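Participant: Chains as they are written, first to last, in the UniProt record's numbering: chain A, 1 to 252; chain B, 1 to 252. Before I ask anything, here is the structure I am working with.
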């Protein structure tokens, strides 16, 4: 038996998220099916991040054990032949038998994409949050800086979080503005790139919703400090919609 | 009566192209339907560029005449309520009665997107051409430079072109490489941005296919000069697939 680590990318549009559920398509279920079709083994992959319905993945991680003689680095090619077109393994490799994708130190990078335009661009509708109101990027970055570091992010977690502790460390929050044009034809794509040692349930989407609230002028940047101290979900901003979110990378 | 100019964006994935055809969904037909629903008038829009099946639009242009009292700049909002989610008017304005989107000098900008990665990214599958072989960007740019300027592009047009002349002027061809990483995990998105005074049928897709041929080492950059001089479609490279192509902007 050997343990295989998969780097998994997917378009989350047509899935009810990562985690297996009865009577709903999930990424995890598709991976289990593809492995069973390839190896004949009945396995359940262990995922690093259980992304929500509609959230996308570029570099999520899953592991499974197999007795198959297929070389570790060939599983990517072999499994992609059995997977639907909206899931693709980007890499496969052998890892130690005790490697667990959730029980070790990681750096996770998420990106949240906002289309800050008067009308949405149809080709972006499944991959970004359309925000019509003009956003003040400088204030958003100022607000973001209060979130960097080790904090209790209770105010920025869904009340349904099952985490034992709500303390997390955010290493960086970058705001990247693309295709900026001046004047009334301004078309703006904004990416919020967040890197941390782990994230609570809905945390990145609540950060994105809060920063958009700041960008719109609903909150002053300094108020984000009070949001953190309140340890109360109702004090932070709205939860941004899922389609703007992508799990980009997990570093072990 | 007044003449309205629409700036139209669309995800071309589910359409048989711009131009109306019996028993097939087209952008033109959806626009005519939306205008009829809004104004009760039976009109046929005149499009600037009849993009092919699967090709996308950010800034295509259509005009129509109307007796409606709706202010010109409100048509965008009003029509978007009647259009499917994969078509959005970005702007509406009144133009002179004799304005014709095809019978005047324009600068058109197209972008062709290539995912130059070992495995494709699912969220890009409808919007880019996945090319697995490593591409030599410097050679591609060198080849592209031979195409800039006024030339007879007969070798770079579908044999089905109905244009009276195959002479066109290309103002610029930029190769933009994004997300570049070194080593075996290289993931590259390449955008070929082409600006010209007009393009023949399939011309941008044949340019993209030819540049990819150069990038793979199938053609030397200098050979592109011979392709032009041959005035023979069979001498140029393959026609790149439609989903990588987007009509970005038309300047009048």
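All residues carry an ideal CB built from backbone N, CA and C; glycine is no exception. Quick caveat, the model's predicted, so the values are computed rather than measured.
(1) What residue range is occupied by the uninterrupted beta strand (DSSP E) comprising residue 108 (chain B)?
(2) Can you list, in chain order, the residues of its chain with a C-beta nearer than 7 Å to that of residue 267 (chain B)? Leave out the 5 residues immediately preceding and following it.
(3) Nearest-angstrom Cα distance between residue 82 (chain B) and residue 75 (chain B)?
(4) Do we get a CB-CB distance below 7 Å when we pair residue 241 (chain A) with the residues of chain B?
(5) Kindly give me the distance between the Cβ atoms of residue 56 (chain B) and residue 17 (chain B), rounded to whole angstroms, as I take these residues to be in contact under 8 Å.
(6) Taking only beta-carbon positions, decide if residue 236 (chain A) is within less than 7 Å of chain B.
(7) Any beta carbon from chain C within less than 7 Å of residue 56 (chain B)'s own beta carbon?
(8) So that I know if they touch, is there some Cβ in chain A lying closer than 7 Å to that of residue 86 (chain B)?
(9) Is residue 171 (chain A) near residue 195 (chain A), with beta carbons less than 7 Å apart?
(10) Beta-carbon within less than 6 Å of residue 151 (chain B)'s beta-carbon, same chain only, minus the 5 sequence neighbours each way: which residues are those?
(11) Let me know the secondary structure DSSP gives residue 125 (chain A) once reduced to three states.
(12) Going along the chain, which residues of its own chain have a beta-carbon closer than 6 Å to the beta-carbon of residue 130 (chain B), five neighbours each way excluded?
(13) To the nearest angstrom, report how far apart residue 39 (chain A) and residue 138 (chain B) are at their CA atoms.
(14) Compare the Cα-Cα distances from residue 42 (chain B) to each of B:48, B:33, B:28 and B:49 and report the closest residue.
(15) Could you pull the start and end residues of the alpha helix (DSSP H) that residue 231 (chain B) belongs to?
(16) Roughly how many angstroms separate the alpha carbons of residue 156 (chain B) and residue 208 (chain B), rounded to a whole number?
(17) Under 7 Å, Cβ to Cβ, is there at least one residue of chain B near residue 121 (chain A)?
(18) Is there a Cβ of chain A sitting closer than 7 Å to that of residue 21 (chain B), yes or no?
(19) Below 9 Å between beta carbons is the criterion; list the residues of the region 61 to 83 of chain A that meet it against any residue of chain B, in chain order.
(20) Find out if the Cβ-Cβ distance for the pair residue 239 (chain B), residue 197 (chain B) is shorter than 7 Å.
(21) Just the C-alpha distance for residue 222 (chain B) and residue 215 (chain B), rounded to the nearest angstrom, thanks.
(22) If you run the structure through DSSP and keep just helix, strand and coil, what is residue 9 (chain A)?
Facilitator: On the basis of the data shown:
(1) Reading the second chain from its first residue, position 108 is the one you call residue 108 (chain B). Bounds of the beta strand (DSSP E) holding residue 108 (chain B) are 107 to 116.
(2) Not covered by the structure: residue 267 (chain B). The range shown for chain B is 1 to 252.
(3) For this step, residue 82 (chain B) is matched to residue 82 along the second chain. For this step, residue 75 (chain B) is matched to residue 75 along the second chain. Between residue 82 (chain B) and residue 75 (chain B), the C-alpha separation is close to 11 Å.
(4) Your numbering for residue 241 (chain A) matches position 241 in the first chain. By this cut-off, residue 241 (chain A) is not an interface position.
(5) Here residue 56 (chain B) is taken as the residue at index 56 of the second chain, counted from 1. Here residue 17 (chain B) is taken as the residue at index 17 of the second chain, counted from 1. Between residue 17 (chain B) and residue 56 (chain B) the Cβ distance is about 11 Å, and since that is not below 8 Å, they are no contact.
(6) Here residue 236 (chain A) corresponds to residue number 236 of the first chain, with the count starting at 1. Not one chain B Cβ lies under 7 Å of residue 236 (chain A).
(7) Any reference to chain C falls outside this structure, whose protein chains are A and B.
(8) For this step, residue 86 (chain B) is matched to residue 86 along the second chain. Yes, its Cβ sits closer than 7 Å to a Cβ of chain A.
(9) Numbered from its first residue, the first chain carries residue 171 (chain A) at position 171. Numbered from its first residue, the first chain carries residue 195 (chain A) at position 195. Yes. Within cutoff.
(10) For the purposes of this step, residue 151 (chain B) is taken as the residue at position 151 of the second chain. Contacts found: 228.
(11) Numbered from its first residue, the first chain carries residue 125 (chain A) at position 125. DSSP places residue 125 (chain A) outside both helix and strand once states are collapsed to three, so it counts as coil.
(12) To locate residue 130 (chain B), count along the second chain from 1; it is residue 130. Sequence-distant partners of residue 130 (chain B) (beyond 5 residues in either direction) whose C-beta falls short of 6 Å from its own C-beta, in its chain, are 115 and 120.
(13) What you label residue 39 (chain A) is simply residue 39 of the first chain in a count that begins at 1. What you label residue 138 (chain B) is simply residue 138 of the second chain in a count that begins at 1. Taking the straight line from one Cα to the other gives about 43 Å.
(14) Locating residue 42 (chain B) in the second chain gives position 42, where the first residue counts as 1. If we check each option's Cα against that of residue 42 (chain B), B:33 comes out closest.
(15) Your numbering for residue 231 (chain B) matches position 231 in the second chain. Careful: residue 231 (chain B) lies outside any alpha helix (DSSP H) and carries neither H nor E.
(16) Your numbering for residue 156 (chain B) matches position 156 in the second chain. Your numbering for residue 208 (chain B) matches position 208 in the second chain. Distance between the alpha carbons of residue 156 (chain B) and residue 208 (chain B): 10 Å.
(17) Taking the first chain and counting its residues from 1, one reaches residue 121 (chain A) at position 121. At a cut-off of 7 Å between beta carbons, residue 121 (chain A) contacts chain B.
(18) The count along the second chain starts at 1 and reaches residue 21 (chain B) at position 21. Chain A, which has no Cβ nearer than 7 Å to the Cβ of residue 21 (chain B), makes this no.
(19) Result list: 76, 77 and 80.
(20) Reading the second chain from its first residue, position 239 is the one you call residue 239 (chain B). Reading the second chain from its first residue, position 197 is the one you call residue 197 (chain B). No.
(21) For this step, residue 222 (chain B) is matched to residue 222 along the second chain. For this step, residue 215 (chain B) is matched to residue 215 along the second chain. Roughly 13 Å between the two C-alpha positions.
(22) Looking up residue 9 (chain A) in the first chain gives position 9. DSSP, reduced to helix, strand and coil, places residue 9 (chain A) within a strand of the structure shown.
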